[in-house]
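Before any comments, here is the structure.
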Amino acid sequence: MFKTIDDVRADAEARLIEAGRSRHTPMHTPVVGTQDGNMRVMVLRDYDPTTRLMRFHTDARSPKVAEIGAGEGGNTPMGVLLYDPEQKIQVRCKGFGRIESEGPLADAAWDQSTTFARRCYLAEDAPGAISDRPVSGLPEWAEGLKPNEEQVAPARENFAVLLVEVEQIDWLFLSNDGHRRALLKVDDVGKWVGQWIVP
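Taking the working numbering, the leading residue of the sequence shown gets 8, the next gets one more, and so forth.
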């Protein structure tokens with residue numbers, strides 16, 4: 008099935024593209040890790056194979072935003088783990104993350120989101136804030152409501168985009184006939200190069 012490094016590269020890229028487009032693929036919700044050792048499940052909104060950028064949406068007040076923004080030049084080492092249990096394929100990505108809360112990319116991501124998705128950023132307190140009861144964080148009027156454009160407009164200031172520029176992919180295929188594993192890295196001219204490694 009996977010006989011060459013080019014087969015692996017094509018498979019990994021196709022999976023990342025599909026994960027960014029379809030909520031029906033298990034890779035749509037990967038685990039994203041930051042330098043502080045924290046991991047969280049996030050929704051992959053897009054993967055661009057030309058720029059090697061993964062795009063996620065986040066609350067600008069989230070602790071992870073401060074962690075990622077603390078990187079040199081806004082480029083902080085990060086890891087993203089994706090797994091398809093049916094196909095038995097794991098894709099581990101390493102790269103550099105940065106946060107964009109303003110500018111054309113963040114504006115376009117906001118505009119492409121539904122008002123229901125934007126509603127999440129209406130939370131009155133930052134993610135991780137302590138509460139004395141179970142709470143969504145949303146204002147009471149927004150609970151269970153699909154708001155209109157005017158109602159979610161104030162949430163824009165809390166919205167940010169996390170971009171992860173992928174520099175390395177560790178691809179693993181689990182098989183009863185013998186696992187297969189390959190490592191892909193970006194070379195000095197921005198091209199993928201790879202090698203087989205022992206699973």
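Backbone N, C-alpha and C fix where the C-beta goes; we use that ideal spot for every residue, glycine too.
Please read these numbers as outputs of a predicted model, since none were measured by experiment.
Just curious, the alpha helix (DSSP H) that residue i is in, first and last residue?
| i | result |
| --- | --- |
| glycine 201 | Segment 199-204 is the beta strand (DSSP E) holding glycine 201; no alpha helix (DSSP H) there. |
| arginine 22 | 12-28 |
| valine 72 | 70-76 |
Quick check on this structure: which residue in the options has the alpha carbon closest to the alpha carbon of residue i?
| i | options | result |
| --- | --- | --- |
| glycine 197 | His35, Met8, Pro56, Leu23 | Pro56 |
| glutamate 74 | Gln94, Thr41, Phe103, Phe63 | Thr41 |
| tyrosine 54 | Arg126, Gly135, Met34 | Met34 |
| arginine 22 | Ser120, Met61, Val48 | Met61 |
| arginine 30 | Gly44, Asp43, Met49 | Met49 |
| arginine 126 | Arg47, Leu191, Lys71, Glu147 | Glu147 |
| threonine 121 | Arg68, Glu156, Asp194 | Glu156 |
| leucine 191 | His64, Cys100, Asp114 | Cys100 |
Name the two residues that bound the continuous beta strand (DSSP E) containing residue i.
| i | result |
| --- | --- |
| threonine 83 | 83-91 |
| glycine 185 | It is not in any beta strand (DSSP E) - glycine 185 carries neither H nor E in the DSSP assignment. |
| valine 38 | 38-40 |
| arginine 62 | 60-66 |
| valine 48 | 46-48 |
| aspartate 55 | 53-55 |
Leaving aside the five residues before and after residue i along the sequence, list all residues of the same chain whose C-beta is less than 6 Å from its C-beta, in chain order.
| i | result |
| --- | --- |
| arginine 59 | Glu172, Val173 |
| tyrosine 90 | Gln97 |
| tryptophan 178 | Val15, Ala19, Val98, Ala189 |
| phenylalanine 123 | Lys153 |
| tryptophan 203 | Ala189 |
| alanine 162 | Arg125, Tyr128, Leu129 |
Can you have a look at residue i and say buried or exposed, based on whether 16 or more other CB atoms are within 10 angstroms of its CB?
| i | result |
| --- | --- |
| asparagine 183 | exposed |
| tryptophan 117 | buried |
| isoleucine 176 | buried |
| threonine 11 | exposed |
| leucine 237 | Not covered by the structure: residue 237. The range shown for the chain is 8 to 206. |
| leucine 3 | Any answer about residue 3 is impossible in this case: the structure gives the chain only from 8 up to 206. |
| glycine 44 | exposed |
| alanine 160 | exposed |
| glycine 27 | buried |
| alanine 17 | exposed |
| proline 37 | buried |
| valine 72 | buried |
| alanine 167 | buried |
| valine 200 | exposed |
Give every residue of the same chain whose Cβ lies closer than 7 Å to the Cβ of residue i, excluding the five residues on either side of it in the sequence, and list them in chain order.
| i | result |
| --- | --- |
| glutamate 150 | Ser143 |
| phenylalanine 180 | Phe9, Lys95, Ile96, His186, Arg187 |
Take residue i and list the residues in its own chain whose beta-carbon comes closer than 8 Å to its own, dropping the five residues that flank it on each side.
| i | result |
| --- | --- |
| phenylalanine 103 | Gly78, Asn82, Thr83, Pro84, Met85, Val171, Glu172, Glu174 |
| alanine 130 | Asp66, Ser143, Gly144, Leu145, Asn165 |
Checking contacts by CB at 7 Å: is residue i closer than that to chain D?
| i | result |
| --- | --- |
| lysine 153 | The chain labelled as chain D is not found in the depicted structure, where only one protein chain is given. |
message: If we require 3 or more residues per run, which beta strand (DSSP E) segments fall completely within the stretch 89-172?
response: The stretch 89-172 is shown to contain whole beta strand (DSSP E) runs of 3 or more residues at 96-107, in chain order.
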